[in-house]
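Residue numbers (the working numbering): 6 to 100.
Written out as structure tokens, the structure reads:
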């Protein structure tokens with residue numbers, strides 16, 4: 006099973022080294038922000054103790070800045086999907 010820290014590393018690989026990351030691991034979940042190309046994205050996962058498939062439901066939503074926790078519409082993505090690309094996430098957030 007992948008850990009929360011491994012998942013954050015997977016997100017960093019997905020968005021690449023050009024992005025700015027402010028992602029924090031808490032006891033049983035993570036949350037934070039990704040800045041890329043003048044866009045800010047909020048990212049989080051729910052409590053992993055209650056959902057064995059938590060990597061299939063990672064929340065991404067647009068944000069105004071690195072303190073906007075309410076932001077745009079919720080969009081959930083499966084990080085284990087080999088077809089998932091950062092462009093897919095960004096395009097859905099902009100729709």
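Quick reminder that beta carbons are idealized off the backbone N, C-alpha and C, glycines included. These figures come from a predicted structure and were not determined experimentally.
Looking at residue i: is its Cβ nearer than 8 Å to the Cβ of residue j?
i          : j          : result
residue 47 : residue 73 : yes
residue 55 : residue 45 : no
If you draw a straight line from the alpha carbon of residue i to that of residue j, how long is it in whole angstroms?
i          : j          : result
residue 32 : residue 7  : 15 Å
residue 10 : residue 28 : 10 Å
residue 36 : residue 65 : 10 Å
residue 97 : residue 80 : 8 Å
residue 70 : residue 63 : 20 Å
residue 61 : residue 49 : 12 Å
residue 57 : residue 42 : 33 Å
residue 59 : residue 82 : 10 Å
residue 75 : residue 67 : 9 Å
Under the DSSP definition of a beta bridge, which residues are partnered with residue i?
i          : result
residue 48 : 37 and 65
residue 9  : Per DSSP, none; premise fails for residue 9.
residue 19 : Residue 19 pairs with nothing; no bridge assigned.
residue 90 : Answer is none; residue 90 lacks a bridge partner.
Take residue i as the anchor and find which of the options has the nearest alpha-carbon.
i          : options            : result
residue 40 : 30, 83, 61 and 16  : 16
residue 30 : 52, 82, 76 and 100 : 52
residue 99 : 14, 59, 78 and 82  : 78
Q: Kindly confirm or deny that the segment 19 to 34 and the segment 84 to 91 touch, where touching means at least three C-beta pairs closer than 8 Å.
A: yes
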